[in-house]
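The opening position of the sequence shown corresponds to residue 33 in the numbering used here, with each subsequent residue numbered one higher. Reading through the structure tokens given below for one structure.
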Amino acid sequence: KKRMNDKRELQLLITYLIAISFLFGLFLTKDFQKTIAIYIIYGSLAYGTAFVLYSVLRDMERVLSLVKIDDLTQLNNFRKFQEDRYKADHQEGIVSIALIDIDHFKQYNDRYGHQAGDLILQEISKIFATYCTYANAIYRIGGEEFAVLIQGDRQSAVYLMGKIQKRVKFLTIQVSPEDTVTVTLSIGIAQRQPNESLQQTQERADQALYFAKRNGRDQLSIN
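And the structure:
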């Protein structure tokens, strides 16, 4: 459907440019043959210009989409999170935010190296991507920190995050030829309240996350 729209837009642009070129041709000369020649020249230029413009716009769209993707995990990044949170802030409906932190992540980096840390992030992100659909978008917002925008209430959020937490807990990651590790998650959840911005909802989710970490980690806390 997107490609069809692109083609229609390109056709309209070409038609518009050719029409302008024809008018220029009529304006510049009254001689019919010269007018036709100018029309052909301007028409060719119009097609070429339209093709270049279309290619530039398409490439710009690709670049902008890449700017919103985290290179390491291929999840949405913090910029995309801010953008989507802003959009959701101006829409009606029940929305919850979950903040996720990988427990003791620094220890894995210190003991096994940053490559092992990157591998842990990638493997966990695959699980996140499996469970978080378009309606429940997942974002990497920091080193080992993730956020989920959930189109639902806190019960829906708890159910989804509980499944993710359990799945990650039973994941075994080969960080070196000799070593495998398992990891756990601390999660904080908050549902948007009436007359509350999602920034405020996020702050409450962050408080819940702090509570989960302070109380032993591998916890799911609700605010």
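C-beta: ideal position from N, C-alpha, C; glycine also. Keep in mind that this is a model prediction, so the values were computed, not measured.
| query | result |
| --- | --- |
| Buried or exposed (CB count within 10 angstroms, at least 16 for buried), histidine 146 | exposed |
| C-alpha gap between lysine 201 and glycine 174, whole angstroms | 21 angstroms |
| Rounded C-alpha distance that separates tyrosine 171 from valine 207 | 24 angstroms |
| Cβ contact (3+ pairs, closer than 8 angstroms) linking the segment 179-186 and the segment 122-137 | yes |
| Through-space distance from serine 229 to valine 215, alpha-carbon basis | 33 angstroms |
| Sheet register partners of asparagine 108 (DSSP bridge) | Ile101 and Tyr171 |
| The ligand SAM heavy atom lying under 6 angstroms from the CB of lysine 245 | Questions concerning the ligand SAM fall outside what the structure shown contains, since it holds no ligand whatsoever. |
| For histidine 122, the nearest candidate out of Arg224, Asn141, Ala179 and Val180 (CA to CA) | Arg224 |
| CA-to-CA distance, alanine 222 to lysine 100, given in whole angstroms | 24 angstroms |
| Three-state secondary structure assigned by DSSP to isoleucine 156 | helix |
| Distance between isoleucine 196 and tyrosine 163 (C-alpha atoms, nearest Å) | 7 angstroms |
| Own chain partners of serine 157 with C-beta closer than 6 angstroms, once the 5 adjacent residues on each side are dropped | Thr105 and Leu107 |
| Host beta strand (DSSP E) of aspartate 133 (start-end) | 128-134 |
| Contact check, isoleucine 219 vs isoleucine 152, beta carbons under 7 angstroms | no |
| Alpha helix (DSSP H) segments (min. 4 residues) lying fully within the segment 162-208 | 186-201 |
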